[in-house]
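Structure record follows, encoded as structure tokens.
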Amino acid sequence: MEVLYFHIDYREVHYCKILLDDIFGKPCFMNEIIWAYDYGGRAKSKWPAKHDNILFYVKDSKKYFFDTSKLDREPYMAPGLVGAEKAVLGKLPTDTWWEKYVDFDRNDNWWMTIVPTNSKERIGYPTQKPKKLVDRIVKASSLPGATVLDFFAGSGTVGASCIDLGRNFILIDNNQSSLEVMAKRFSNISDIEWLGFDPTPFKPNIYKETKQEILSEVEKKYTPEFEMLVCNSFLLESKFTGKE
């Protein structure tokens with residue numbers, strides 16, 4: 000392992016940092032990243048909690064991969080103040096309200112909304128992380144072809160990010176609902192190896208869709224007699240296999 004991103008909330012982050020300092024050593028602690036968002040509870044007896052914490056550690060503080068040049072960049076609000084070269088390149092996507100409106104650099108604060116309940120990205124897991132958030136981490140701390148390990152895979156967002164960005168991945172979770180969600184999410188990826196879990200019962204039923212597609216093509220191209228033959232073949236198959 001070369002780098003570690005440890006995501007936790009405000010209730011436990013302080014205890015976890017002490018443990019991680021003991022494991023890796025204080026010099027291997029690089030950043031505490033604040034992921035700020037706008038959704039969540041509306042507490043009236045205290046300040047509403049609107050952020051999570053991400054602790055960034057490395058195995059060797061003098062030798063590790065970190066490259067922000069591949070990240071998507073944003074235009075400067077005042078390009079005339081930073082010079083032509085920087086203006087063309089743009090700034091790192093910190094996404095913080097502070098930088099957007101006060102124009103002060105705070106790169107370890109990331110403003111990024113959670114996955115809303117009505118979002119197309121949401122796949123039915125309560126603590127699903129935004130893919131944009133994971134993409135940023137994967138791009139900055141790994142090269143194409145590298146292997147990314149997620150010990151608490153949840154909805155499998157790390158795997159989805161790695162597929163799009165050309166990385167290998169290992170996902171681990173002992174939560175049955177998590178495994179079922181990932182089985183559906185990766186149902187169209189044929190070369191994933193599953194250990195200790197059979198994803199087949201939880202994949203979308205493509206049998207009916209395939210049958211309808213074939214029948215639609217038959218209606219366009221073939222005679223009524225051939226259509227009847229195809230329909231009978233599906234009927235026989237359903238009797239022998241139990242599929243409908």
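Per numbering that gives the first Met the number 0, the very first residue in the sequence shown carries number 0; after that it's consecutive.
Cβ atoms here follow ideal geometry from the backbone N, Cα and C, with glycine treated the same way.
These numbers come from a predicted model, not from an experiment.
Look at Met-181 here: in three-state DSSP terms it is helix. A distance below 8 Å separates the beta carbons of Val-157 and Phe-168. Linking Ala-42 to Ile-32 through their CA atoms gives a straight-line distance of about 23 Å. When C-beta atoms of the region 136-156 are compared with those of the region 192-204, fewer than three pairs fall below 8 Å, so the two segments do not count as touching. Here the alpha carbons of Gly-82 and Arg-10 stand approximately 43 Å from one another. In terms of Cα proximity to Lys-49, the closest of Ala-35, Asp-8 and Met-227 is Ala-35. Per DSSP, reduced to three states, the secondary structure at Tyr-14 is helical. The residues Leu-148, Asp-149, Phe-150, Phe-151 and Ala-152, in chain order, have a CB closer than 8 Å to that of Ile-171 in the same chain once the five nearest residues on each side in sequence are set aside. When DSSP states are grouped into helix, strand and coil, Ala-35 belongs to the strand group. Assignment of beta-bridge partners to Ile-53 by DSSP yields His-6 and Ile-32. Under the three-state reduction of DSSP output, Asn-231 falls in the helix class. Residue range 156-164 is occupied by the alpha helix (DSSP H) that includes Thr-156.
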